[in-house]
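Novice: Here's a structure for you.
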Amino acid sequence: MNNGGLLDQLDQWVRRGWGRFILLVAALTVAGTVTAVVAVFWTVALDATGVFAEASRFWHGDRPDWAGLVGLLLWIAGAAWIGGSFWWLVRNGHYQRNARNRRWMKSWSRRRQLIRQVRGTAARRDEDRPLLPLVAEHLIDEPKFLLPLYGLALLQVGQMFLRWAPGFVLIAALFVGTLTVGAVVSFQNARRARAFLTEHADGETPIEASANR
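For the record, in the sequence shown the residue sitting at position 74 is 344 according to this note's numbering, with numbers rising by one throughout.
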């Protein structure tokens, strides 16, 4: 293949990877919006049916003044955290570097296969060795991309205090619990990725790394 054809193929791969990355961001945004809408409808449905009707201010949604203040402060802190974390990711080049990572050019199953090889839970194939350092670098950066989600967790908890209803408590608990599990897995992946790069520190630097800088 001539140089022109190779460059065209690389450009096509980069565009495809960028499209997958944007699709993932859009999917997360839609998922968050759907979660909020479901919480609202679920709470309204419970209130209408009277399933949890008890002589309690909480179950009737009668919010105390202190809960409103706490919820507002958490909501403002969460919004500020999300904006600041996105600014930090873009300002320090983490967003651009992640969007250009060759890992996004692969299918979901292929990415999972490469991650397992870096984690050491799958046999490492010779043909994948040039890609594994790039995947490891991405896994090391992965915890940083959870920063906006921490802000979203603050928003969810703030919404729980503002709405003062069982549905929002459940949604906040599910979101925070899921985020906690994801954060633990992400930090474990980052630790194993660092160990992988340390183990292969004397190896050759893959050509693909130049396109990831």
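Positions of the beta carbon are idealized from the N, C-alpha and C atoms, including for glycine.
My guess is that Glu412 and Asn459 are in contact by the Cβ rule of under 8 Å, so how many angstroms apart are they, rounded?
Specialist: Rounded, the Cβ-Cβ distance is 6 Å, consistent with contact.
Novice: When the Cα of Leu419 is compared with those of Ala442, Leu404, Pro436 and Trp434, which residue comes out closest?
Specialist: Comparing Cα positions, the closest option is Ala442.
Novice: Count the other CB atoms, across all protein chains shown, that sit within 10 Å of the CB of Ala435; report buried if there are 16 or more and exposed otherwise.
Specialist: Result: buried.
Novice: Between the C-alpha atoms of Ala481 and Ala350, what's the straight-line distance to the nearest angstrom?
Specialist: Low per-residue confidence applies at Ala481: pLDDT is 39, beneath 50, and the placement is therefore not dependable, though the value from the model is reported in the following sentence. Whole-angstrom Cα-Cα distance: 33 Å.
Novice: For my contact list, Leu467 and Ala406 are in at a C-beta cut-off of 8 Å; report their separation, rounded to the angstrom.
Specialist: With 8 Å as the limit, Leu467 and Ala406 qualify as a contact, their Cβ atoms being about 5 Å apart.
Novice: Nearest-angstrom Cα distance between Val388 and Val446?
Specialist: Those two C-alpha atoms are separated by around 28 Å.
Novice: Which residue's Cα is closest to the Cα of Gly341: Gly428, Ala463 and Thr450?
Specialist: Looking at the Cα atoms, Gly428 is the closest of the given residues.
Novice: Quick check on Leu425: does DSSP put it in helix, strand or coil?
Specialist: Helix, per DSSP.
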